[in-house]
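Student: Quick one: the structure is below, questions incoming.
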Amino acid sequence: MKKLYLVIPGALALALAVSPVLPVLTEPASALPGEVAERRGEGWGRRLNLTEQQQAQMRQIRESTKAKIDRILTSEQQAELQRARQERRRPNLTLTDEQKAQMRAIRQEARRQMDAVLTAEQKQQLEQMRQQRPQRRQQPSP
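In terms of mature numbering (1 follows the signal peptide of the UniProt record, and there is no 0), the sequence shown is residues -23 to -1, 1 to 119.
Right, here's the structure in full:
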């Protein structure tokens, strides 16, 4: 049970930190921009009513996180990531254990930085959203 509490925040941190690096590749061509943003994990910012300053800080954290992740990928992995984006498919990066550990540390740092940007009320709201997320995934699509 204790491990479950570590997995859920880690999964969300991954989605938030890596979303600009690994875009959703299964979105239909007819998807509206808001729907795409929602699926990429960017919609949570609107639901939290972030101020412009908070949005700018979050954007900077995402850009910094993307740059850090790019630095740990080999040129072959970066090329595969680029091809996957163009072909709208999931990349097969075959990360080493060291790269996985580095990415985990980068995601944890990004999450810590993002949490520091939020107010106490926004943190509480985000925690509620995190708890509802597994429930929403289990619901059948219309």
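C-beta atoms are modelled at their ideal positions from N, C-alpha and C, and glycine is treated no differently.
1) Applying the criterion that 16 or more other CB atoms from any shown protein chain within 10 Å of the CB defines a buried residue, is A44 buried or exposed?
2) Under a Cβ-count criterion, where at least 16 other Cβ atoms within 10 Å of its own Cβ denotes burial, should T42 be classed as buried or exposed?
3) Counting only the same chain and skipping the five closest in sequence on each side, list residues whose C-beta sits under 6 Å from that of K100.
4) Once DSSP output is grouped into helix, strand and coil, what is the label at T71?
5) So, with DSSP's three-state summary, where would you put R65?
6) Could you tell me whether the Cβ atoms of A78 and P68 are closer together than 8 Å?
7) Who are the near neighbours of I38 in its chain, counting only those whose CB is closer than 7 Å to its CB and skipping five residues on each side?
8) Which residue wins for smallest C-alpha separation from D47, given the options Q34, L25, M80 and Q63?
9) Return the Cβ separation of L25 and Q102 in integer angstroms, given the expectation that the two are a contact with Cβ distance under 8 Å.
10) Roughly how far, in whole angstroms, is the beta-carbon of G22 from the beta-carbon of M35, given that I think they are within contact range, below 8 Å?
Tutor: In terms of the structure at hand:
1) On the sequence shown, position 67 is the one that residue 44 refers to. Counting Cβ neighbours within 10 Å, A44 comes out exposed, since fewer than 16 surround it.
2) One-based indexing of the sequence shown puts residue 42 at position 65. T42 comes out buried.
3) Here residue 100 refers to the residue found at position 123 when the sequence shown is read from its first residue. Once the five neighbours on either side are set aside, K100 has no close Cβ partner at all.
4) Looking up residue 71 in the sequence shown gives position 94. In this structure, DSSP gives T71 a state outside helix and strand, which the three-state scheme calls coil.
5) Taking the sequence shown and counting its residues from 1, the one referred to as residue 65 is at position 88. In the structure shown, R65 sits in coil (DSSP, three-state: anything other than H, G, I, E or B).
6) Locating residue 78 in the sequence shown gives position 101, counting from the first residue. Locating residue 68 in the sequence shown gives position 91, counting from the first residue. Not in contact: A78 and P68 (Cβ atoms no closer than 8 Å).
7) Taking the sequence shown and counting its residues from 1, the one referred to as residue 38 is at position 61. Hits under 7 Å: A87, Q90 and M91.
8) Counting from 1 along the sequence shown, the entry for residue 47 is found at position 70. Comparing Cα-Cα distances from D47 to each of Q34, L25, M80 and Q63, the minimum goes to M80.
9) In the sequence shown, residue 25 corresponds to position 48, counting from 1. In the sequence shown, residue 102 corresponds to position 125, counting from 1. Rounded, the Cβ-Cβ distance is 6 Å, consistent with contact.
10) The residue you call residue 22 lines up with position 45 of the sequence shown. The residue you call residue 35 lines up with position 58 of the sequence shown. Contact check for G22 and M35: beta-carbon distance about 6 Å, within the 8 Å limit, so the pair qualifies.
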